[in-house]
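Colleague: Can you keep this structure in mind? I'll have questions shortly.
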Amino acid sequence: MYSPRFIHCLVSITASIVAGTFLQSTTINSEGSFTNARQSQAQKVQVLSVEFPQQQVPIVRFPRDVYPEIKFSEITQPQIQVQANKHLTIITIPTSLLFECGKHHIAEKAEKALNQVSQAINNRYSGSWLQILGHTDSKGSSKDNLQLSEQRAVAVQQWLSKQHHLNVSMVTTQGYGETQPIVSNTRFDCFERAIARQKNRRIEIVIQKLDHQV
467 MYSPRFIHCL VSITASIVAG TFLQSTTINS EGSFTNARQS QAQKVQVLSV
517 EFPQQQVPIV RFPRDVYPEI KFSEITQPQI QVQANKHLTI ITIPTSLLFE
567 CGKHHIAEKA EKALNQVSQA INNRYSGSWL QILGHTDSKG SSKDNLQLSE
617 QRAVAVQQWL SKQHHLNVSM VTTQGYGETQ PIVSNTRFDC FERAIARQKN
667 RRIEIVIQKL DHQV
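First residue of the sequence shown? That's 467 in my numbering, and the numbers climb one at a time after it.
So this is what it looks like as structure tokens:
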């Protein structure tokens, strides 16, 4: 399991879960005391309002003011972004480098990007916990997008394990579908919207740093 420090960092910085409140009020109309059954039966109980909690998806964000962008010598592809602070490193890979459109199998073209990322992880973060997060844009159904994001995260985990002997017991995967856009999918014209959607389709590898790692 993750260490308390990692859970605290990831939850406190990137997660916000908002639930509704359960409200129930009653009015009781009765006369006299409640000392006999007849008087008890005279009670009139009215439920005025009941609002049940609604579970919200945690908000996962890695803002640059908290996680500044840095460079790794192992990673030369400009589309791959690396951010880090004292506790976490986040490597963001556009899915266009890894998958064909709408697919979840690792494409042949992904080898260069994944080799560079794997080399950086092995050189710098051996023995660290990793979480691989999958994201899509908002095209298609939310159910299909969630499934695709989950499948892609698992595909990256399996590839790294098979090709570079990544210890899968140190890695978890999570798909968020279309729920965590970096840029709005809808507020722009067609050209800008296409660019926004491309940015939102991504894989994020979140690395918990050990105390001696920078």
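No residue lacks a Cβ here, since even glycine has one placed at the ideal position from N, Cα and C. These numbers were taken from a predicted model, which means no experiment stands behind them.
1. Kindly indicate the opening and closing residues of the beta strand (DSSP E) around Glu616.
2. Contact defined as beta carbons within less than 8 Å: I believe Gln582 pairs with Leu563. What is the distance between those atoms, to the nearest angstrom?
3. Looking at the secondary structure, which residues open and close the beta strand (DSSP E) in which Val672 lies?
4. Can you tell which of Pro534, Val622 and Pro560 has the C-alpha that lies nearest to the C-alpha of Leu554?
5. Span of the alpha helix (DSSP H) holding Val583?
6. Please report the distance separating the alpha-carbon of Asn589 from that of Ser608.
7. Using the Cβ count rule (16 or more neighbours within 10 Å means buried), how would you classify Leu580?
8. Can you give the beta carbon distance from Ile525 to Ile669, rounded, assuming they're within the 8 Å contact cut?
9. Report the option in Arg527, Leu612 and Ile598 whose CA atom is closest to the CA atom of Thr639.
10. Starting from the C-beta of Gln623, find all residues in its chain whose C-beta is less than 7 Å away, skip the five residues before and the five after it, and write them out in chain order.
11. Could you check the C-alpha separation between Ile541 and Ala586 for me, to the nearest Å?
12. Per DSSP, what kind of secondary structure is Glu574 in: helix, strand or coil?
13. Secondary structure at Gln545, three-state DSSP: helix, strand or coil?
14. Closest by CA to Glu577, which one among Asp677, Glu644, Ala621 and Ser650?
Modeller: Let me lay it out:
1. Here residue 616 refers to the residue found at position 150 when the sequence shown is read from its first residue. First-last for Glu616: Ser608 to His630, but that is the alpha helix (DSSP H), not the beta strand (DSSP E).
2. Here residue 582 refers to the residue found at position 116 when the sequence shown is read from its first residue. Here residue 563 refers to the residue found at position 97 when the sequence shown is read from its first residue. That belief does not hold up - the Cβ atoms of Gln582 and Leu563 are roughly 10 Å apart, past 8 Å.
3. Along the sequence shown, read from residue 1 onward, the residue named residue 672 stands at position 206. Arg668 to Gln674 is the span of the beta strand (DSSP E), which, as asked, contains Val672.
4. Working through the sequence shown from its first residue, we reach residue 554 at position 88. For Leu554, the nearest C-alpha among the options comes from Pro534.
5. For the purposes of this step, residue 583 is identified with residue 117 of the sequence shown, where counting begins at 1. Boundaries of the alpha helix (DSSP H) around Val583: Glu577 to Arg590.
6. By one-based count along the sequence shown, residue 589 stands at place 123. By one-based count along the sequence shown, residue 608 stands at place 142. Pairing Asn589 with Ser608, the inter-Cα distance amounts to about 37 Å.
7. Residue mapping note: residue 580 aligns to position 114 of the sequence shown, counting from 1. If you draw a 10 Å sphere on the C-beta of Leu580, you find 16 or more other C-beta atoms in it, and that means buried.
8. To locate residue 525, count along the sequence shown from 1; it is residue 59. To locate residue 669, count along the sequence shown from 1; it is residue 203. Going by Cβ atoms, the distance from Ile525 to Ile669 rounds to 18 Å, so no, they are not a contact pair.
9. The count along the sequence shown starts at 1 and reaches residue 639 at position 173. Ranking Arg527, Leu612 and Ile598 by Cα distance to Thr639 puts Ile598 first.
10. Position 157 of the sequence shown, counted from the first residue, corresponds to residue 623. By the criterion of a C-beta distance shorter than 7 Å, Gln623 is surrounded in its chain by Ile598, Val634, Val637 and Thr639, once the five residues flanking it on both sides are discounted.
11. Sequence index remark: in the sequence shown, residue 541 carries index 75 (1-based). Sequence index remark: in the sequence shown, residue 586 carries index 120 (1-based). The straight-line gap separating the alpha-carbon atoms of Ile541 and Ala586 is approximately 7 Å.
12. Counted from its first residue, the sequence shown places residue 574 at position 108. Correct three-state label for Glu574: helix.
13. By one-based count along the sequence shown, residue 545 stands at place 79. Here Gln545 sits in coil by DSSP.
14. The residue labelled residue 577 in the question sits at position 111 within the sequence shown. With distances taken between Cα atoms, Glu577 lies closest to Ala621.
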